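Participant: Residue numbers (this note's numbering): 72 to 483.
Don't be surprised by glycine CBs; every beta carbon is placed ideally from N, CA and C.
These figures come from a predicted structure and were not determined experimentally.
The following block contains the structure, expressed as C-alpha cells.
So this is what it looks like as C-alpha cells:
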C-alpha cells in the first residue's frame with residue numbers, strides 16, 4: 072500500500088474492494104487513496120547490500136538481451152529498467168522484480184500508466200540505451216536500474232530531459248539531483264536501532280564493523296547517530312577483515328564500559344564475529360547486542376550467543392502478505408527486495424492519478440510526510456537518499472520478533 076500522507080490533490084480516487092485489494096491498497100491518516108498497493112528467494116543481504124550484487128554485475132557472461140515489452144495501457148508512460156538477461160542470481164532477481172512491478176499494476180484499480188520494460192543486460196551501456204529508448208517513447212519517469220554502476224549512466228540521459236529516476240541500488244553515493252533511491256539503506260537501520268537502544272538507556276556503545284565499503288557507510292552513520300542520541304558515546308570501535316580475532320579481543324577488553332555492542336554485517340559474518348568475541352572472553356549475554364537488517368538470517372536466529380539481540384528492519388508482516396499474493400499469482404517465491412519494484416510502480420500510479428502535471432516533480436517526490444508502502448513508511452530526501460520507518464526486531468530461535476513496530480508518521 073502506498074500513498075502520500077498529505078498529497079497536494081484533494082481527489083481521493085475510486086475506492087477498492089475485495090480481499091486482495093484490501094491487502095494491497097490503503098489509506099494513510101485520512102489522506103486520499105494513493106496506492107496499490109522454483110524459488111528465487113535470496114537473503115536480505117543479497118540485494119539490499121550495496122556492496123554485493125546490486126552494486127556490481129556478476130562476472131559470468133550475460134545472456135542475449137531480452138526484447139523490450141510493455142505492460143498496461145495507461146496514458147502515462149513509465150520506464151522500468153532491470154538486468155533481466157544478467158547471469159545468475161541477478162537475472163533471477165530482476166525477473167522477480169519485474170513480476171512484482173506487473174503485480175502492482177494489476178492490483179492498482181484502473182491505473183493510468185503504461186510500463187515500458189527494458190532489459191539493461193546488467194551493464195551501464197545497456198541501462199543507458201534502455202533509458203534513452205524509453206524517453207524517446209515518451210517515458211515521464213524511470214524506475215531502476217538495479218546495479219549502482221548503471222545508475223549514473225541512466226541519470227546522465229534522464230537529466231538532459233528533466234526526468235526523475237527512482238533507482239533500486241543501495242549505494243547512497245550515486246544518489247543526487249533527480250536520482251532517488253528506493254532501497255534499504257544502512258543509514259536508516261543505524262538511526263533506528265541507535266535511537267531505540269538509547270531509549271532503553273543503552274548509551275555507551277562498542278562497535279564492530281567490516282573493513283569494506285558497507286562498513287565504511289555504517290561507520291559514518293553510527294559515529295553520527297550515537298552522539299546525538301541522548302548523550303550517547305562510542306566506547307570502542309574496531310574494523311575487521313579476514314582476521315576477526317584481533318579486533319574482537321580489542322573490543323572485548325573494553326566491554327566493561329559499554330552497555331551495548333553493535334555488529335553490522337550479514338548473517339554469516341555476524342555469527343563468526345560473535346564466536347570470536349566469545350573466544351576472546353566476552354559474555355554476550357551480559358550486553359545488549361545491536362545490528363542492522365542484514366541480521367534477518369537463519370544462522371543468526373540459530374546462534375545461542377545472539378539470542379535477544381535487536382536489529383532494525385521493515386516490519387515482516389507487509390512482506391508476508393505480499394509474498395502470499397505473489398505465490399498465488401506466479402507459483403514461486405519473490406526475492407526479498409521485489410517489494411521495491413512493487414512500491415515504485417504503485418507510487419507512480421498513485422501520483423499519476425492525483426498529482427496532475429507535477430506528478431513526478433522533485434517537490435512531489437520529496438514530500439516530507441512520505442509514503443506508505445509494503446515495507447512501511449518511506450520518504451525521499453532532497454539529496455536522493457531515503458528514510459524508512461522501520462520496526463525493531465528481536466532475535467529468537469523462532470526468527471525475528473517485533474518489539475517495537477514501525478512508526479505511523481515521520482518526525483519533523
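Considering only the alpha carbon of each residue, which of 165, 283, 347 lies closest to residue 376?
Facilitator: Residue 376 has its Cα closest to that of 347, out of 165, 283, 347.
Participant: Can you name, in chain order, every residue of its own chain whose Cβ lies under 6 Å from the Cβ of residue 330, other than the five neighbours on each side?
Facilitator: 273, 275
Participant: Report all residues from its chain with a CB closer than 7 Å to the CB of residue 451; omit the five preceding and five following residues, and keep chain order.
Facilitator: 251, 436, 437, 457
Participant: When the Cβ atoms of the region 165-184 are set against those of the region 195-206, are three or more pairs found closer than 8 Å?
Facilitator: Segments in contact, no.
Participant: Residue 386 and residue 365 look like a contact to me (Cβ under 8 Å); what is the Cβ gap, rounded to whole Å?
Facilitator: Contact doesn't hold; Cβ gap of about 17 Å is too wide.
Participant: By the 10 Å Cβ neighbour count, where 16 or more other Cβ atoms means buried, how is residue 315 classified, buried or exposed?
Facilitator: buried
Participant: Counting C-beta neighbours from all protein chains within 10 Å, is the total for residue 373 16 or more, i.e. buried, or is it exposed?
Facilitator: exposed
Participant: Count the other CB atoms within 10 Å of the CB of residue 192; is the residue buried (16 or more) or exposed (fewer)?
Facilitator: buried
Participant: Note the first and the last residue of the continuous alpha helix (DSSP H) segment covering residue 223.
Facilitator: 222-231
Participant: For the region 146-154 against the region 208-219, do three or more pairs of beta-carbon atoms, one drawn from each stretch, fall closer than 8 Å, so that the two count as touching?
Facilitator: yes
Participant: For the beta strand (DSSP E) containing residue 235, list its first residue and its last residue.
Facilitator: 235-238
Participant: Which of the three DSSP states, helix, strand or coil, is assigned to residue 293?
Facilitator: helix
Participant: Who are residue 278's beta bridge partners in DSSP?
Facilitator: 308, 333
Participant: For residue 262, count neighbouring C-beta atoms within 10 Å of its own C-beta (all shown protein chains included) and say buried if the count is 16 or more, exposed if not.
Facilitator: buried
Participant: Count the other CB atoms within 10 Å of the CB of residue 110; is the residue buried (16 or more) or exposed (fewer)?
Facilitator: With a pLDDT of only 26 at residue 110, under 50, the local geometry of the prediction cannot be trusted, and the value read off the model is given with reservation. Exposed, by the Cβ-count rule.
Participant: Hey, quick one: how far does the alpha helix (DSSP H) through residue 170 stretch, first residue to last?
Facilitator: 159-178
Participant: Given this structure, state the Cα-to-Cα distance separating residue 227 from residue 356, to the nearest angstrom.
Facilitator: 51 Å
Participant: Does DSSP put residue 301 in a helix, a strand or coil?
Facilitator: coil
Participant: Confirm, please, whether the CB-CB distance from residue 459 to residue 471 is below 8 Å.
Facilitator: no
Participant: What does a CB cutoff of less than 7 Å around residue 208 pick up in its chain, not counting 5 residues either side in sequence?
Facilitator: 148, 187
Participant: Given a cut-off of 8 Å on the beta-carbon distance, is the pair residue 242 and residue 224 in contact?
Facilitator: no
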